[in-house]
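Chemist:
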Amino acid sequence: MLIFWDQRLVFLATPKAGSTAVEVALEPLASVRMQRPAALKHMSAADYHATLGPWLTAQAGTPFTTVALMREPVGWLRSWYRFRSRDDFEDPAHPMAGQSFESFAQNYMAHPGTTGIGSQSAHLCDAAGTPLADRIFRYEEIERFVQFLEDRLDCAVTLPRVNVPPAVDTQLSATTETALKAALAADVALYESLA
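Printed below as a string of structure tokens:
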């Protein structure tokens, strides 16, 4: 999470949606960078509005605009798989050793509350599915987000490539991909609603 006091702007860091690159690029401009623990770095929009948002508003005398990135849902789970597969080849005891993306996706669907991954819609919306971030940009159209930042922060923004997980096979059978999109229906609907 990044807080830009003078611009009354908060970047809510959605896990596995480019947040580290944004934070590396913009940390020098931010008033506050919440990096650790992960619960602060990746504070959900609901938690922000319940805790930090009201405090910032009270201190500044005006609400802050919240912005976030969202990744295409199946691509987002692919990113989680690649992230969790780090060091798999060097460590045969690694929990992801030998697990295909097909198996990873099926496990995510079978045990949604136990994978520690959650969903993007849960991170960005209230329980009814209403977005709580003021602006949500598609990760796949990151140039629109960069343009927004440049306009709001009045400076050029270049995002570095950081925290890039290894390239691994992330093929899915058509049956599993269809089931995964159904399991991620709230994420798919939110992503498709983004203009």
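By this note's numbering, the letter at position 133 of the sequence shown is numbered 148, and the numbering carries on one by one without gaps. We treat Cβ as the ideally placed atom computed from N, Cα and C, and that holds for glycine.
1. Taking Cβ to Cβ, would you say residue 116 is nearer than 8 Å to residue 199?
2. Quick one: using the 10 Å Cβ neighbour count with 16 as the cut-off for buried, is residue 126 buried or exposed?
3. Taking only runs that begin and end inside the region 109 to 188, name each unbroken alpha helix (DSSP H) of 4 or more residues, in chain order.
4. When the Cα atoms are used, what is the spatial distance from residue 80 to residue 92?
5. Looking at residue 40: is its Cβ nearer than 8 Å to the Cβ of residue 175?
6. Nearest to residue 209 by alpha carbon, out of 37, 19, 136?
7. Assuming the contact rule is C-beta atoms closer than 8 Å, residue 96 and residue 185 should be a hit. Round their C-beta distance to whole Å, please.
8. Pick from 23, 100, 52: whose alpha carbon is nearest that of residue 73?
Modeler: This is what the structure gives:
1. no
2. exposed
3. 116 to 125, 135 to 139, 157 to 168
4. 27 Å
5. yes
6. 136
7. 6 Å
8. 23
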